[in-house]
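What follows is a single structure, written as structure tokens, with notes after it.
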Ligand code: SIN
Ligand code: FE2
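Structural data, given as structure tokens:
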């Protein structure tokens, strides 16, 4: 599974996005969508992810129910892994047998700043899950609850192809909000919203040949 460079967006489209940079939308009492928050750092994020993937390449993980459609890897002290026996955090990459690549400072700082921006001071993420969606990939509704520390928020950065994020409630059957995520958007959820079910609907290919060919999502979490 190779990580293909994104086509850089033109300066014209960056300019048209500027008015959105500071807008933030509340999705719950402790959940926010920060539109375009990561946009100024997109190039540096992309380079940092490409570096990390040199050490721990993308791969599709299996679950008790079959293969995931999203290709994944991790950076940071802990990485989230799945196999037929279940989900867990590991300090080493089962594929390489070596520790996950360190979390690049640009990624760490972006996550800390985004959390702080909405009132979660002192977020100290230990894991960055790298999710790489080809058109046709999706992620089913789930809760992030493999972390021993559920007090820390989750910061989730989206780049590349747009996607529809499903943000549900604390029960799987609760109504689901559909949230459009675009290149540069950041979600932060924690506190009373920390265990809300969420997922990503099937990613569609870009309608314009100049647009991105994949979606990249970075999910930052405190594990211990
Ligand atoms: C996840 O929940 O791990 C990923 C969410 C996303 O891709 O936006
Ligand atoms: Fe998740």
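In my numbering, the protein residues as written are 10 to 233. We treat Cβ as the ideally placed atom computed from N, Cα and C, and that holds for glycine.
Suppose only complete runs of 3+ residues qualify. What are the beta strand (DSSP E) ranges in the segment 15-103, listed by chain order?
Counting whole runs of 3 or more residues, the segment 15-103 contains the beta strand (DSSP E) stretches 33-37, 40-43, 68-72, 75-85, 88-92 and 95-99.
Would residue 39 pass as an interface residue toward chain C - the criterion being a Cβ-Cβ separation below 8 Å?
Annotation note: the requested chain C is absent from the structure, which comprises a single protein chain.
Between which residues of its own chain and residue 102 is the CB-CB distance below 6 Å, once the five residues before and five after are set aside?
Around residue 102: 65 and 109.
In the DSSP assignment, find the beta strand (DSSP E) that holds residue 136 and state where it starts and stops.
Taken as a continuous stretch (DSSP letters only), the beta strand (DSSP E) holding residue 136 covers 136-142.
For residue 166, which residues of its own chain have a beta-carbon under 6 Å away from its beta-carbon, when the five flanking residues on both sides are left out?
Closer than 6 Å at Cβ, skipping near neighbours: 47, 195 and 227.
Give me the residue from 85, 173 and 163 with the minimum Cα distance to residue 144.
Out of 85, 173 and 163, 173 has the C-alpha closest to the C-alpha of residue 144.
For residue 124, which of helix, strand or coil comes out of DSSP?
Residue 124 falls in the helix class under three-state DSSP.
Helix, strand or coil, according to DSSP, for residue 118 in the structure here?
Helix, per DSSP.
What residues in its chain sit with their C-beta under 8 Å from that of residue 54, if we drop five residues either side in the sequence?
Result list for residue 54: 47, 115, 116, 119, 166, 168 and 227, in chain order.
Within a Cβ cutoff of 8 Å, which residues of the same chain sit near residue 37, ignoring the five residues on either side of it in sequence?
The residues are 176, 198, 201, 202 and 205.
Which one or two residues does DSSP pair with residue 165 in a beta bridge?
Bridge partners of residue 165: 196 and 228.
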